[in-house]
Amino acid sequence: MELHIASIGGDGIGPEIITEAKKVLKKVCEKYGHTISYDDILMGGASIDVHGVPLTDETIEIAKKADAVLMGSIGGDTNTSPWYKLEPSLRPEAGLLKLRKALNLFANLRPAVLYPQLAGACPLKEEISARGFDMLIMRELTGGLYFGERHTEEVNGVRTAIDTLTYNEEEIRRVAIKAFDVAMVRNKKVTSVDKANVLDSSRLWRTVVNEVAKDYPEVIVEHMLVDNCAMQLVKDPAQFDVILTENMFGDILSDEASMVTGSIGMLASASMNDTKFGLYEPSHGSAPDIAGKNIANPLATILSAAMMLKYSFGLLEEAKAIETAIYQVLDDGYRTGDIMSEGMKKVSCSEMGDLVSERI
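If you read the sequence shown in the working numbering, its first letter stands for residue 1, the second for the next number, and so on.
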């Protein structure tokens, strides 16, 4: 298979971690007989420095012609970087928002995995962390409260703010289909999270999810209220496979799930549209304070590349090879600084990429 990727190094540690992901992808393609090509494009602060804007129309067109987008990180120090003296529409993160909109990336996939080798970093009780967990939160990304009509006005002399939560059945259906498709290549369970005891939007959400579920008889479906889900994530995270939810709930729950893994440096993510096209990136930021020092953890970006192979190209065996290689590296005691613990062997960003590649 030929893989055509738009590559965004971005800012801060972005270029370093993307280099290591490419290193691992090259090894995978060599082993499994694929070819891979990249269009290296600018976004964020790197684009501001060259073009004066965080994302150009030409860059969007290049991204659209690729099979997928692999990205490092965007942004800088908000206190010291000149990028943040610009108006909000010209700041680095505005480029990412614009790209998501241009590519219609409505489904956000956030895996949260607790590796047994890193169980000590988990803040939960040992009897919970010892079981481990491997879940994926499917968050609707372009609708709901964050994109509804909003305004602030004075009503009878009192300042009043109004935010509108709106979903239609097609917005719900398309992200639900994504969740069930993902569940089919995982453990075939979907937990749909809502607030159907209060909200009309959640009642519609639950109805449409049940309609979609009829086309996936192999998948176990359960419905859970969002407040209960928040509790269950810290009580028994091992029960979850795919969590499907709307924009605001997904924003909150995915941050909670990332915390219980104990290390944001291990968390991949993807944003997908209604085809197999997706943008794949680590969940962490650009870490400008350590940029250029070769000490960043590239594993979240490498895991994002594995997600790309799985979801955009259907290369399940190749994705599993990357995941297994990372497991072996951790099992052998190698750690970057952010996940370092006593008795382990500390390695650099590039050395971690080498170690993973060697085990493919």
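For each residue, glycine too, the CB sits at the ideal point set by N, CA and C.
For residue i, tell me which candidate among the options has the shortest Cα-Cα distance.
i	options	result
A361	T35, E93, S350 and M340	The structure shown does not extend to residue 361, since the chain spans only 1 to 360, so no value can be given for it.
V53	A305, E323, M43 and I137	M43
I74	E149, W205, R335 and P15	P15
L99	I162, V212, V69 and G148	V69
L124	N187, E256, Y84 and N294	E256
A46	G250, A94 and V158	A94
K276	R173, G144, D289 and D67	D67
L204	K178, E169 and K188	E169
L97	L55, V113 and V212	L55
L90	C29, V50, A21 and I41	V50
R186	E20, F133, A238 and V242	V242
P217	M224, I172 and M184	M184
F240	G285, K65, D134 and V219	D134
G33	D39, K85, V113 and E2	E2
A321	I290, Q328, I360 and I302	I360
L330	D40, P116, I41 and E87	P116
If residue i and residue j are in contact, beta carbons under 8 Å, what's the gap, nearest whole angstrom?
i	j	result
R110	S350	So it is not a contact: roughly 27 Å between Cβ atoms.
I8	P298	In fact, because the Cβ distance is near 15 Å, the residues do not count as touching under 8 Å.
A287	I13	5 Å
V190	F180	6 Å
M248	Y334	Actually they are not in contact, since the Cβ atoms of M248 and Y334 sit about 38 Å apart, beyond 8 Å.
D11	P92	6 Å
L279	M71	6 Å
L225	K195	6 Å
K346	G353	The pair is not a contact, with the Cβ atoms about 15 Å apart (cut-off 8 Å).
G285	L118	No, G285 and L118 are not in contact; Cβ-Cβ is about 20 Å, not under 8 Å.
Tell me residue i's beta-bridge partners as DSSP assigns them.
i	result
F133	L114
N161	Looking at the sequence shown, residue 161 is not Asn but Ala. Bridge partners of A161: T152.
M11	Met is not the amino acid found at residue 11; the sequence shown has Asp there. Beta-bridge pairing links D11 to no other residue.
A257	In the DSSP output, where bridge partners are listed per residue, A257 has none listed.
E140	A107
D194	L225
A268	P282
T207	According to DSSP, T207 bridges with nothing at all.
L3	I36
K98	Note: K98 sits in no beta bridge, so no partner.
I128	In the DSSP output, where bridge partners are listed per residue, I128 has none listed.
L244	M138 and S192
I220	K189
Practice task
Just list the beta strand (DSSP E) runs in the region 274–345, keeping only unbroken ones of 3 residues or longer that don't cross its boundaries, in chain order.
Solution key: 278–282
Handout entry: Segments of 4+ residues assigned as alpha helix (DSSP H) that fall wholly inside the region 15–91
Key = 45–51 and 57–65
Problem - Cβ contact (3+ pairs, closer than 8 Å) linking the region 297–310 and the region 17–25 - result: yes
Exercise for the section: Mind the definition here: the region 264–281 touches the region 162–173 only if three or more C-beta pairs lie below 8 Å; say whether that holds. Expected result: no
Practice task
Could you say if the region 289–303 and the region 127–147 meet the contact criterion of at least three C-beta pairs nearer than 8 Å?
Solution key: no
Handout entry: Inter-stretch contact (C-beta, 8 Å, three-pair minimum) for the region 103–118 and the region 74–84
Key = no
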